[in-house]
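The numbers in the working numbering rise by one with no breaks, and the one at position 140 of the sequence shown is 731.
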Amino acid sequence: MKRNLIIIVTALFLMAACREVLTTSIFTAEETADEFIPLRENTHSLLSAPEHIGFDEFPRAIPIPEVTPERAAVFNADAIGDFIEGYQQADMTDTLNGYVTDNHTFYTQMLFPAIEPCLDSLRSLQKCDAVSALTLFIHESFRDFFGVNLGYYRWGGDITDRDQPQTATSHSTSRKRYGMDCSGFGASPYEVAVLLGILDSTSNESAFSSFGFKHICENDPAISDGGGRGGTTNNYRMEVSDMYKVGQLIATIPAGGTPSDAQIA
């Protein structure tokens with residue numbers, strides 16, 4: 592056993608020594624192994640630990656509005672939405688009773704005044720970067736004012752208040768005056784980007800906003816607005832299922848495939 596161990600250790604030592612000899616022998620005195628490793632610099636950067644930065648440490652494109660006691664008295668998670676009785680649409684056979692959101696007031700009184708001084712810088716960005724900046728700004732603002740532990744969540748909520756009235760039986764959060772659900776948040780930066788003139792409401796770039804969705808529905812017979820209660824129309828307020836349909840129109844990549852240059856552009 593001892594002899595076998597000595598043989599193994601000796602073999603490993605010889606392999607290491609041979610590797611050193613091979614490395615030094617195949618290059619001239621002026622050359623090094625590093626020069627023959629392609630993308631050596633990139634390899635080092637990929638293998639090194641990523642730089643970490645705190646969530647509150649990097650600069651924001653838009654400053655978050657301060658939550659003062661006066662503002663919090665109006666814009667808070669406990670505020671109850673207006674109750675609408677007898678809501679009706681042309682494609683409804685019945686009426687709806689329920690609570691509606693007032694997110695647009697929060698936008699006009701809190702969010703837009705913070706965005707307005709930054710409009711020129713936002714418009715100078717690539718459109719995707721401007722939408723990203725608005726996404727972070729809207730999300731942080733709603734969290735700060737209405738709470739981080741889903742305090743900002745409201746079943747059936749969007750930033751332009753397009754959704755139909757919701758009842759307390761729809762979801763426990765449906766009585767809230769302020770807040771958005773997942774598809775409402777998903778559409779919100781595109782909605783605001785159209786309102787600010789950053790995105791064109793008649794172009795696919797705004798497809799995930801109600802404005803762009805309306806344009807698509809009016810021009811593509813295969814796409815329709817049917818996200819309301821009971822399958823009715825919903826004022827072009829985008830649901831998750833609508834985002835899926837619209838996303839397929841913009842770009843479809845086969846399983847195992849790669850996006851084309853045109854899709855990336």
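No residue lacks a Cβ here, since even glycine has one placed at the ideal position from N, Cα and C.
Quick caveat: nothing in here was measured; it's all calculated off a predicted structure.
query = Quick one: what's got a C-beta closer than 6 Å to CYS709's C-beta in the same chain, skipping five residues either side?
reply = ILE653
request  = Give, in chain order, every unbroken run of the alpha helix (DSSP H) that is at least 4 residues long and sits entirely within the stretch 685-768.
outcome  = 694-697, 703-706, 710-715, 718-737
query = In three-state DSSP terms, what is ILE814?
reply = The answer is coil: DSSP assigns ILE814 none of H, G, I, E or B.
request  = Can you grab the Cα-Cα spacing for the pair ARG662 / ILE655, in whole Å?
outcome  = 13 Å
ask   = Using a Cβ-Cβ cut-off of 6 Å (strictly less than) and excluding sequence neighbours within five positions of ILE706, which residues of its own chain qualify?
value = Once the five neighbours on either side are set aside, the close Cβ partners of ILE706 are ILE653.
query = Would you call the CB atoms of GLY738 and ALA668 closer than 7 Å?
reply = Going by beta carbons, GLY738 and ALA668 fall inside the 7 Å limit.
Alpha-carbon to alpha-carbon, ARG745 and HIS859 = Since the displayed the chain opens at 592 and closes at 856, residue 859 lies outside it and no answer follows.
query = Any idea if GLU676 is buried or exposed, counting beta-carbon neighbours within 10 angstroms, 16 or more meaning buried?
reply = It counts as exposed.
ask   = Name the DSSP bridge partner or partners of TYR678?
value = LEU687, per the DSSP bridge assignment.
ask   = Relative to the alpha-carbon of CYS719, which residue among PRO704, ASN795, VAL691 has its alpha-carbon at the smallest distance?
value = ASN795
message = Checking 7 Å against the spacing of the C-beta atoms, do ASP862 and ARG828 come in under that value?
response = There is no way to answer for residue 862, as the model of the chain reaches only from 592 to 856.
ask   = How would you call GLU642, buried or exposed, if buried means at least 16 neighbouring beta carbons within 10 angstroms?
value = exposed
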